[in-house]
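The sequence shown maps to residues 842 to 1125 in the numbering used here.
For glycine and all other residues, C-beta sits at the position ideal for the given N, C-alpha and C.
Keep in mind the model is a prediction, meaning the values are calculated, not measured.
Worksheet for the structure shown next.
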Amino acid sequence: MPLGAHMSIAGGLFNAPGFGRKATCDVIQVFTKSSNQWKAKMLTDEDVQKFFDAQKETGVKVACAHDSYLINLASPDDTLHQKSYDAFKIELERCHLLKIPYLVMHPGSHVGSGEEAGLKKIAQSFNRLFDELPDNKTIVCQETTAGQGTNLGYRFEQLALVMDMVEDKKRMAVCLDTCHIFAAGYLIKDEKDYKKTMKEFNQILGLKKLKVIHINDSKKPFASRVDRHEHIGEGYLGLEPFRHILNDNRLKKIPKILETPKGDDLKEDIENLGKLRSLIREKK
């Protein structure tokens, strides 16, 4: 059961697996560059090798990266869209160099142009990217969102619509965020509701397309359309949804990543991972 958390890259990417080991992670998620800057320092051969060595030495695998929060592939502003496109292309290239299998991204915000126009723009961006990077091995995971503001991706159908418009479908997958889907109006608290939501996900997107799970509690109530993460069991979700996920055999091999608030000593990650591990039932 690969469980872990998003880790800092302070001092260099190669430090992240060590932070992950300190936090008792099996797997981690990282930014491959500063998340609030457009530009990125070029990766050297030494940077890449140190990153590989750190994973080998610690036994902590980097399961996925997350793209910069500045990127908006749905932007109706041509200048901002081009900036976003160029930045996302760099993110994909960095992940490929670092052999990170999945790049998680928020689909984007239509900023008033309308949902249909925004989704179309995202798909067009992917088609162009995949044409320009034919040998790139990193799979793009659209993340389910809470639907805050004009954010897209808060309905499974929206992610499916983008995938339908993308020609090279094998390069696309999904990251499910527990806080986001709950805030967007999907019930997962009791087992019956959880099964219904997962059935819907399977029918619309396909469970085979689910490659990463962000495992977060929610600071805001059901269907609030507000994205605020909380420690496991301390928010509006409680412990039960996590019990359902962790004991769902279909999801056993999927990396499950915490993105909950924490300090430098990582004790919150250790506590949250401990809670999650305690929910896993032993198979008889």
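Met946 and Glu973 do not touch by the CB rule: their CB atoms are close to 17 Å apart, not below 8 Å. Positions of the alpha helix (DSSP H) runs, each at least 4 residues long and wholly inside the stretch 1065-1111, are given as 1081-1087 in order along the chain.
The DSSP assignment places 980-984 as complete runs of the beta strand (DSSP E) inside the stretch 968-1000, in order along the chain (cut-off: 3 residues). Residues of the same chain with a CB within less than 6 Å of the CB of Tyr943, apart from the 5 flanking positions on each side, are Cys905, Ile980, Cys982, Lys1052, Val1053 in chain order. The C-beta distance from Ala1024 to Lys1061 rounds to 6 Å, short enough to meet the 8 Å contact threshold. In summary, Asn913 is buried, with 16 or more beta-carbon neighbours lying within 10 Å of its beta-carbon over all protein chains present. Using a Cβ distance threshold of 8 Å, Thr885 and Gly859 do not count as a contacting pair.
Thr1101 is positioned such that its CB atom lies no closer than 8 Å to that of Asn1090. Around the Cβ of Pro948, a 10 Å sphere holds 16 or more other Cβ atoms; the residue is buried. Residue burial annotation: Tyr1027 is buried, with at least 16 other C-beta atoms found within 10 angstroms of its C-beta.
DSSP links Lys1011 through a beta bridge to no other residue.
The beta carbons of Thr865 and Ile1111 sit closer together than 8 Å. By the neighbour-count definition (other C-beta atoms within 10 Å, threshold 16), Asp1009 is an exposed residue.
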